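Sequential numbering from 0 applies to the sequence shown in numbering that gives the first Met the number 0. Ideal Cβ placement from N, Cα and C applies to all residues, glycine included. Note that the coordinates shown come from a computational prediction; the quantities given were computed from them, not determined experimentally.
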Amino acid sequence: MRHEKIIVLDFGGQYNQLIARRVRECGVYCEVMPYTTAFEEIKAEAPKGIIFTGGPNSVYGEDSPQYTKDIYDMGVPILGICYGAQLIAHQLGGSVETAPVSEYGRTEVEIDDKGGLFGSVSDRTICWMSHTDYISRLPEGFVATAHTPVCPVAAMENRERRIYGLQLHPEVMHTVEGKEMLRAFVKDVCGCAGDWQMGSFIDDTISAIREKVGNGRVLCALSGGVDSSVAAVLMSRAVGKQLTCVFVDHGLLRKDEGDEVEAVFGPSGSYDLNFVRVNARQRFYDRLAGVTEPEEKRKIIGGEFIRVFEEEAKRIGAVDFLVQGTIYPDVIESGLGKSAVIKSHHNVGGLPDHVDFREIIEPLRMLFKDEVREVGLKLGMPEYLVFRQPFPGPGLGVRIVGEVTEEKVRIVQDADAIYREEIAKAMDAGLIPKYGEEGTPGQYFAALTNMRSVGVMGDFRTYDYAVALRAVLTSDFMTAEAAQLPWQVLQTVTTRIVNEVKHVNRVFYDCTGKPPGTIEFE
Ligand code: XMP
């Protein structure tokens, strides 16, 4: 089915994905394309509107990214944001210069003309600005529709040609009425009705999968994480028992996680699929014995994972399709290559070389994480699975500093289970914001430091391990700050861990941000 589409033309801005997400929140399908995309290709997409993103360059710089001016004559509405607005001004005959005063962050913008984008926006509205250049002269046919004390063109438009520019960033949360500005562009200016809904996505995807797979056999590596779980459920809805899910338990999962995954997807669970759980923990512990170097641990775990999966696939026999839980941010990051660099170690796992299959199916490749979660809920999956925090492929292997042993795995699993249990209670009691609320920790876990120290318990000397607790506020996992958890929660967790987990006599809270730390310990 063909949807109404908005194209976000990416000029290297850090908020490119955010713009696309906001447009999709208006119920309109949106794709990010690099500014190097051929004009013919853009035309072939028949977009209802085009949004130019911001970017780090100056439009008058030598190598500044530009686009063919023909785009302005397509007759399709265009909205330029920040660099995008400056590019419009520059290409259509206005002037852009270094601003006498730069504006960063929270800024009050005064609306001069409700125009096409500000119909239901307040006369004075708080916006997020981030610019050193500004539009000093409007191109012909344009009027300024908003200003700040130091920025005469905070917004401009040529209503007749349906070309709009915003110096402010409507896509970020801190622009209080930004969503309304984007809604006005997408709905009122571009005339989109809003036909992008997760319910119809599920129906469309299921019919497309059925058509593609026919009677074929499908194999899926299930990790228990959000993406692979939703992909598996969607596939099972489409092709039922033609799907086999292989779940490799590498013994580095959180406490009881293997059993939880089996309870949901296994024979007594609620899905129509073949489920194979491979208990490979001993194999991983043996391979990891004596290894302390983090990258080597990662390689061993990733490599062994693929080997186990391949062996299982061989046992199952030839399959036609392999399912991957790729989501849209992965597609954008690997496709555009410019604005984001993914850490190589995040790609552990990769594609098995020796599995015999015809084609890869990526049913979630056009979805953002929030949309994947929405699909999961619509498919009736349990909330604890759908809202699960990210868990690294190498699992507790990167949360145990130094050598991994069975005993250390047990320690970190028990400590982590207590920590998560107490955080859940604190969330229910309103002491810590829940998922979806402002200030909720995006990831929290216990790790085992390699440090042992002297303590005293019941009049006896102890010489035991120190557990570190971590909780971070982050939206993209590229940067993060330590969450300020209430002291009473940390105290309860500490007391419970030292009392209940054998061989732990000390608990630390990690106050480090990223950078300079990373979220995981290795
Ligand atoms: P770092 O530790 O790099 O983590 O700040 C950022 C995010 O990535 C996750 N992470 C991984 N995920 N394989 C994965 O699949 C890995 O090797 C890996 N290392 C880190 C981490 O949990 C956090 O969400």
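Asked                                                                                                               : Found
Rounded separation between residue 338 and residue 462 - CA only                                                    : Residue placement at residue 338 is poorly supported in this model, since its pLDDT is 41, which falls under 50; the coordinates are not used for a value here.
For residue 296 and residue 403, believed in contact at Cβ under 8 Å, the rounded distance                          : 7 Å
Boundaries (first-last residue) of the alpha helix (DSSP H) holding residue 416                                     : 405-427
heavy atom of the ligand XMP below 6 Å from residue 210 C-beta                                                      : no
Reference residue 331, options 287, 9, 137, 4, closest by Cα                                                        : 9
Contact test: residue 518 Cβ vs the ligand XMP heavy atom, cutoff 6 Å                                               : yes
Nearest candidate by alpha-carbon position, reference residue 480, set 456, 511, 12, 100                            : 511
Buried versus exposed call for residue 47 [16 or more other C-beta atoms within 10 Å across all chains shown]       : buried
Cutoff 6 Å; reference residue 358; Cβ partners in own chain excluding five residues on either side                  : 320
6 Å CB neighbourhood of residue 361 in its chain, flanking five on each side removed                                : 323, 325
Nearest-angstrom beta carbon gap, residue 217 and residue 270 [assumed within contact, 8 Å]                         : Wrong, their Cβ atoms sit about 13 Å apart, outside the cutoff.
Every unbroken beta strand (DSSP E) inside the stretch 22-100 [3 residues or more]                                  : 28-33, 48-51, 77-80
Residue 517, DSSP secondary structure in three states                                                               : coil
Through-space distance from residue 228 to residue 343, alpha-carbon basis                                          : Since pLDDT at residue 343 reaches only 36, below the 50 mark, its modelled position is unreliable, and the value read off the structure follows with that caveat. Cα to Cα, residue 343 sits roughly 23 Å from residue 228.
Stretch-stretch touch, CB-based, cutoff 8 Å, three pairs: the stretch 447-460 with the stretch 420-439              : no
Every unbroken alpha helix (DSSP H) inside the stretch 179-234 [4 residues or more]                                 : 197-212
Residue 254 classed as buried or exposed, judged by whether at least 16 other C-beta atoms fall within 10 angstroms : buried
Rounded straight-line distance, which links the Cα of residue 89 to that of residue 66                              : 11 Å
Completely contained alpha helix (DSSP H) runs for the stretch 123-188, where each covers 4 or more residues        : 177-182
Residues that residue 274 bridges to, as DSSP identifies them                                                       : 244
Buried versus exposed call for residue 523 [16 or more other C-beta atoms within 10 Å across all chains shown]      : Nothing in the structure corresponds to residue 523, since the chain is present only between 0 and 521.
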